[in-house]
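Here's the structure we're looking at; comments come further down.
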Amino acid sequence: VKIVIDMGKASTSALQRRLRIGYGRAASLLDAMERDGIIGPPDGSKPRAVLINREDYLSEP
């Protein structure tokens, strides 16, 4: 989550590069973040929007 917030966008390819993981794992992480309201839904080939900021993330229990 911290990486996505720092980048200001969310994409499978960005997560793959930053975390050195495969496509399936990166896609699962994005799906989980979307379910939790951290990122928005997919919009074609564009990166997903990040819906929370660092302060909101750090203040969650």
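Just so we're aligned, residue 1175 is where the sequence shown starts under this note's numbering, counting upward by one.
All residues carry an ideal CB built from backbone N, CA and C; glycine is no exception.
*Selected residue, minimal CA-CA separation from Pro1216, among Ile1226, Ala1201, Asn1227 and Val1175*: Ala1201
*Measuring CA to CA, which of Val1224, Tyr1197 and Ile1195 is closest to Arg1209?*
Val1224
*Name the DSSP bridge partner or partners of Ile1213?*
Val1224.
*For Ala1184, is the classification buried or exposed, using 16 other Cβ atoms within 10 angstroms of its Cβ as the cut-off for buried?*
buried
_Cβ pair Lys1222, Ile1213 closer than 7 Å_ = The sequence given here places Arg at residue 1222; Lys does not occur at that position. Yes, the Cβ-Cβ distance between Arg1222 and Ile1213 is below 7 Å.
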